[in-house]
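Structure first, commentary second.
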Amino acid sequence: MEKFYRLTEVAKILRVSPLTVRRWIDEGKLKAFHPAGTRLYRVPESSLKELVGEEWWEQLFASRAEEATQEQKPRRRR
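Numbers in the working numbering are just positions in the sequence shown, counted from 1, shifted up by 2.
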């Protein structure tokens, strides 16, 4: 089952403004849809991978996982 992201989540993942994401959608660079009865965008993960490339996508989440692990390490007290 494919994962879907909100516009603000996409902006956070790609480290760009939500307005940039909306512009990419309007320009057709990023595929998105509105669920029935809403005005909110949903972006399929496959569309994100297509935009940034599969390799970059995997590296992005690998580096984010590493950052999260380092943040959880206890700091040494002096």
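The beta carbon of each residue, even a glycine, is placed where N, CA and C say it ideally should be.
Note that the coordinates shown come from a computational prediction; the quantities given were computed from them, not determined experimentally.
Look at the Cβ atom of residue i, then the Cβ atom of residue j, and state whether they are nearer than 7 Å.
| i | j | result |
| --- | --- | --- |
| Val23 | Leu9 | yes |
| Phe6 | Arg41 | no |
For residue i, count the other beta carbons within 10 Å of its own beta carbon; 16 or more makes it buried, fewer makes it exposed. Which is it?
| i | result |
| --- | --- |
| Glu26 | The sequence as given places Trp at residue 26; Glu does not occur at that position. Answer is buried; the Cβ neighbour count reaches 16. |
| Leu32 | buried |
| Ser49 | buried |
In angstroms, rounded to a whole number, what distance separates the CA positions of residue i and residue j?
| i | j | result |
| --- | --- | --- |
| Ala34 | Gln61 | 23 Å |
| Val54 | Val12 | 12 Å |
| Trp59 | Pro46 | 13 Å |
| Lys14 | Pro20 | 8 Å |
| His36 | Glu56 | 24 Å |
| Ala64 | Gly39 | 36 Å |
So, at 7 Å on beta carbons, what are the nonlocal neighbours of residue i in its own chain, with the 5 sequence-adjacent residues on each side left out?
| i | result |
| --- | --- |
| Glu29 | none |
| Lys51 | Trp59 |
| Glu4 | Pro46, Glu47, Ser48 |
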